[in-house]
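Comments concern the structure below.
Protein chains in written order, with the working numbering: chain L, 129 to 536; chain V, 129 to 536; chain Z, 129 to 536; chain B, 129 to 536.
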């Protein structure tokens, strides 16, 4: 096969594309689009190295899946060549429905659909054009394929997605505490009773993985400046939609304008199949180019938010355990009204509160199971020889207050 | 000082911003623009990790300069606090004149000026607005400041720019052979007779540095697929200029259109100071967003080239030591004419030849000097205990032929 | 100063020896001895890379101390040049009293003294010979120096010793989960109310540090095979002492024989000052050379244990949470008696039980304090936004049963 | 197979022992002995991290061989399971004949035999005890097996031995310039015409490998302080032999004394098969323990040399391109005679000259061949697009003068 390519990956070393079929998926324009979507959205405002793409992550997760399969086979679990290809395709495409700056998009441009649904629709569209070649991959993705552990490789609390993104995001941000020993966890993977489990020897590595993930959440994904920037982006897009609805013709690519003007539902996507094509033309470039151009728009709120994003003059943000009082917010709203001579409604784009939440580990259905020598399996929270994981299962909630720096 | 910030860098670890002044330069919108310009342009088509920005590189080079200054001071060379700040500013801003996808830009959008000249103009504009605070930095940059070795830190064959970009490009591409031990080279830096030199103990590290740089040239910067992609981008922009000149109004941001329509000279920039502002609004986002939109343009050549760039259907390329014969090129031109029903002139955008050249080391003015114990200094090519560096001084020339894959 | 040397360290990069005084301490034969004592004793039976020495660790800890001091000074805390040198000397010498295979030694050769006491005696002896130059270092070591936080750099739950050994032991074993971001923790160091504290921003790094340390304990330091090997070594030395006491003249260096024959007390060391010199001649080489030679000794127990150590035929070991029953042990004792035709007392060297214990974190006196913005300090166990650290404070106890492989 | 073990290697990550047979070889006491022999002898006096063992290196080289075989098979070259095991065994055992501090030993203790001959004898002895299981491995080692490329994996200018030791020695010394991208070179391995070759794409990696190796020679293996230490050790052993010959009974293990007293030839080893057993009891521990004990010996030369080695008071050494004049040496000899009141003959142990030589690359038989697309193979020196490799083929010779620091 002359399509057996090697890709350099600073995180995992050389990655070999395992088959022509996988290679063709990577070559597909829908997948190539992921080259233009950054994995961590606006985190680069805090971590300048965090400019890696979803394209790279998806290939990395596929690579890790290959290693997992080899390990499971070595331990005597049968996985056919077809199943290997299907699970590799499923992991490769699991995030293909992400739009530019995922959160912003999910809250504004395609507010009625989650990215998982869009991933599903895109996979089905590719499947059609490939004559059903993705059938098994889709079954695994939907968790209707008989071997349930294959789905757990794609989606669970210790799936290949997480193993790759933790390693990758640590690498590119430079937050070395996020480094996990995926190599060791992979060696400890096993299957018992059609469940993906971890051999008991790997228990400390799993504990470390959970703590590392928690750290990455608070130090990177939910870093307060990143939160501020994301909110600034969301408010920008909301304002752009608002102005569009009022008849303004904002600068933008054709596809971007379609999503600014409409708020499509699942039904719309089904009735207008070309919408998937339009969606797949959207990426970070559309958004940021428009934001640059909008810096000179007549609408003060829009241009002000855009200038802040481009020149990195972001909202000031305060994080705390208690929720903020109405009084606190109102003080800032009034300052904004005064500072910029705007209405209170307009001011609410510049001063507002919100809430974030994260659980390091959940004893939910797709939990992490540890396999002991006597073929007993236990949830990691119970298997650990002290109560720390159990303690980590409690969700942490934080409240934030964002304020435009001009109204402090 | 409450502006003393720390920046995470996966390449060098934590970087401390040394002063308020440097912090203010980093905050400047002209500098923030570098967040939106990738250091290696289209190399990400081959090395998906190579999406790091000129912003990150400039800060990394500034950090390395800090270490160099500390080493030189420890060896008894006087460098005042003002000089330290000036040389740090000079290195920080040395590449600020780079446009999107530097090469493409230099050949098409601003063909009459080199990026160094634009860097100079931008520095002078910032200097004005800061009341002359960059005077000394500009003198060092222009090499008119008395202590000549400070200029060599900014620009020479072993400058801080190269030390950073080799380390950084290796890191993000994953081409581990490009890794250099900048830490050791920095420890070996010295000054003799107002020249930047390397202590004799560092001779093997310098040899390794030269070989690593040569390797990065052929394996990354001049990788054949990267060359093909860059030529595809150049031809795209040339076609866009041609259509603009013929009266077409192509999609694009205001600033981008200005540079598509005109071909400014140094004189133009002097007479119309606002051009610098327009230039500083240009980045990778303008270019790629337009290319996406141009995929559906009526002009076949333009839309064809753009589709190729977006879907990664790049020119096929052949590299060889001899130049290609006219016959070879013409064969492909004819095939293109036939395949796409276009004129031969149009076909010349889809099949053409070119030439690249690289010297691993040049015994030019800003050469690398080795300081021996008896205060003798020798050029590295003469200092090495065999003739390999001397051999590496010979430039290597390669010829290439690019052909659209549809006319093979 | 021409003694300003640079030492290559794969863990921290280049280490600069900060002063002539520190250099002279490193040159001292008592300190050079640490080149011949491995940091992790017999862990190399499991992790072949774990052959690094206490010499390297001590210098690494000294280097980290330098960084800590620089950070604290940058935050406005006064530390004089003399104090810097004293605390550096204290950390450099803090472990100088370790003997070969520390545990084995502490249980057998110098059973009446802890290594800390011996460190103290050696420091005092060097101090005499240097005319009191170590006075302040000794005060800091003993925690009688007024600035208490200096002692905490040398000895606390987040001291420079731990920061170095976790990083170093991870590096050399290849257990990458043990990697901690010491760089970040160091940047977060602060002093409040004469206590060493961590700025609140570093809280997740500290959590990670505690979990990493716990992992290293169970995966490396208390790894079951390492435990088995250490017990085999301890029993070997006990047997050698027993035979010596019975009049056998075992092969060994002069110094080794002295410690085989006697069991010195603190008082002995004071009355016979030359004992320190004899002690400082002991290292891993004496022990292992004798063990090789003893493989052919007439005494079955001794030669059998020695052969096992040299040929890596180690005790089989079982680890569990409950203690073992007397019955279980006795079964194995009987098998040993039968297999080797030995007495039950002799068999007790080949089948026996024991207990290990480890706390990831203790809310003791030298606890880890977090400094919040409003100058409130809290214990890390209380400061963490969930209860995991608190849960990690509970000590974990495990029981083991070691059995010679010949009597299974 | 329950012997399928995993070994942690900080250099290559997890290493899987490929078969029971290989596992049994590793368990063999002759192989376990390599745990007690440092790979880089006395280099730890300069690079404290360089304490890794020949045990670890041999296993690393075996691991790399596994990767090479997988690559070659993927490229369509047939290698049977038996051949795989044989070549793995051959590389594992290739250095098993190394004695303690190889050079010192080869010059003094077993002066009539090279370590390769001893390796051969040990392999044959193991082979006997295993009923011929090593037959094919020995044929490959001796280069009499039909598939010649298998021998080249074990021994050539780009063999698995070199790939491992360069990577490993860089890692443990911390000399990061020595890092090679063995992963990439391995991916480029190919076989043509029964010769091991490198695909043309890998040419820059090979260049880099040659330069890295040259750098490691001058910066580590032939570092002047390492040379001084090795000469001090050689002179120590020579003196010990001389005293033994004169009837002194020096402290030492039984095996060590045998080799101090005799100077065995190849014939002796054949006639007295037990000598191999005695040899396999010798390691770094015997030598250094004796040196410590000899510090108090009556013979001034012996005790003086030993004290220097233990307390790191090493010869001063000067390196230059020209040879030293007799006059220079004699001056120092006279000083030594005077300073220590010794004879001129005795003084020759304390002041003497020598010569070292290294070629970065040799166009000899086991050269490095590059395979071009048209199935042309060229020597790397001719294949490189400039003359640097060719220049590196010239051997570099340096002369040294060692002098005891007491007679300067």
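All C-beta atoms in this analysis are idealised placements derived from N, C-alpha and C, irrespective of residue type, glycine included.
Being a predicted model, the structure only gives us computed values, none of them experimental.
Handout entry: Counterpart residues of residue 303 of chain B in DSSP-defined beta bridges
Key = Bridge partners of residue 303 of chain B: none, in fact.
Practice task
Please confirm if residue 311 of chain B has its CB atom under 8 Å from at least one CB of chain L.
Solution key: yes
Exercise for the section: Tell me, please, whether the CB atom of residue 528 of chain B is closer than 8 Å to any CB atom in chain V? Expected result: no
Problem - Minimum C-alpha distance to residue 507 of chain Z - residue among Z/489, Z/524, Z/380 - result: Z/489
Exercise for the section: Determine the DSSP secondary structure at residue 270 of chain B, reduced to helix, strand or coil. Expected result: coil
Handout entry: Within chain L, the residues that residue 538 of chain Z reaches when beta carbons sit closer than 8 Å
Key = Residue 538 of chain Z lies beyond the stretch modelled for chain Z, which goes from 129 to 536, so this question has no answer here.
Practice task
With 8 Å as the C-beta to C-beta threshold (strictly closer), list the residues of the stretch 316–341 of chain B near chain V in chain order.
Solution key: 332, 333, 335, 336, 339, 340
Exercise for the section: Check whether the Cβ of residue 177 of chain Z lies closer than 8 Å to any Cβ atom in chain B. Expected result: yes
Practice task
Report back the beta-carbon spacing between residue 404 of chain L and residue 250 of chain L to the nearest angstrom; my notes put them in contact at under 8 Å.
Solution key: 6 Å
Exercise for the section: For residue 343 of chain Z, go through chain L and note every residue whose CB falls closer than 9 Å to its CB, in chain order. Expected result: 332, 333, 335, 336
Exercise for the section: Residues of the stretch 489–520 of chain B with a CB closer than 8 Å to any CB of chain V: list them in chain order, please. Expected result: 513, 514, 515, 516, 517, 518, 519, 520
Practice task
Give the secondary structure of residue 135 of chain Z by DSSP, where H, G and I count as helix, E and B as strand, and everything else as coil.
Solution key: strand
Handout entry: Contacts of residue 204 of chain V in chain Z (Cβ-Cβ under 8 Å)
Key = Near residue 204 of chain V there are no residues of chain Z at all, since even the closest Cβ is about 12 Å away, more than 8 Å.
Handout entry: Nearest candidate by alpha-carbon position, reference residue 352 of chain B, set B/171, B/144, B/152, B/140
Key = B/171
Exercise for the section: Sort out for me which residues DSSP pairs residue 141 of chain Z with in a bridge. Expected result: Z/137
Handout entry: As assigned by DSSP and simplified to three states, the class of residue 186 of chain V
Key = helix
Handout entry: Minimum C-alpha distance to residue 119 of chain B - residue among Z/307, Z/306, Z/303, Z/296
Key = Residue 119 of chain B is absent from the model: chain B starts at 129 and stops at 536.
Handout entry: Simplified DSSP state of residue 177 of chain Z, which is helix, strand or coil
Key = coil
Handout entry: Of the residues Z/283, Z/318, Z/442, Z/239, the one placed nearest residue 356 of chain Z, counting alpha carbons only
Key = Z/442
Handout entry: Within-8 Å CB hit, residue 347 of chain V to chain B
Key = yes
Practice task
Work out the CA separation of residue 299 of chain Z and residue 139 of chain Z for me, nearest whole Å.
Solution key: 7 Å
Practice task
Give the DSSP-derived three-state secondary structure of residue 312 of chain B in the structure shown.
Solution key: helix
Exercise for the section: Give the interface partners of residue 141 of chain V over in chain Z, defined as CB-CB distance under 8 Å, in chain order. Expected result: 311
Exercise for the section: Could you name the residues that DSSP lists as bridge partners for residue 327 of chain B? Expected result: B/499
Handout entry: Rounded C-alpha distance that separates residue 223 of chain L from residue 519 of chain L
Key = 30 Å
Problem - Exposure label - residue 377 of chain B; buried when at least 16 CB within 10 Å - result: exposed
Exercise for the section: Find the nearest neighbour of residue 282 of chain L within the set L/189, L/312, L/204, judged by alpha-carbon distance. Expected result: L/189
Practice task
Kindly indicate which residue of L/388, L/178, L/308, L/383 has the alpha-carbon position closest to the one of residue 375 of chain L.
Solution key: L/388
Exercise for the section: Could you list which residues in chain Z have their beta carbon closer than 7 Å to that of residue 470 of chain V, in chain order? Expected result: Within 7 Å Cβ-Cβ: nothing; residue 470 of chain V doesn't reach chain Z, min ~56 Å.
Problem - Close beta carbons around residue 484 of chain V, own chain, < 6 Å, minus the five adjacent residues each side - result: 350, 526
Practice task
Indicate the three-state DSSP secondary structure (helix, strand or coil) for residue 321 of chain L in the structure shown.
Solution key: coil
Exercise for the section: Spatial neighbours of residue 219 of chain Z within its chain, please: CB distance less than 6 Å, with the 5 preceding and 5 following residues excluded, ordered by chain position. Expected result: 189, 190, 193, 282, 288
Practice task
Return no unless some Cβ of chain Z is closer than 8 Å to the Cβ of residue 416 of chain B.
Solution key: yes
Handout entry: Outcome for residue 402 of chain Z when other beta-carbon atoms lying within 10 angstroms are tallied against a minimum of 16
Key = exposed
Exercise for the section: Identify which residue in V/444, V/497, V/517 has its Cα closest to the Cα of residue 537 of chain V. Expected result: This structure cannot settle anything about residue 537 of chain V, because the visible part of chain V is limited to 129 through 536.
Practice task
Determine the DSSP secondary structure at residue 480 of chain B, reduced to helix, strand or coil.
Solution key: strand
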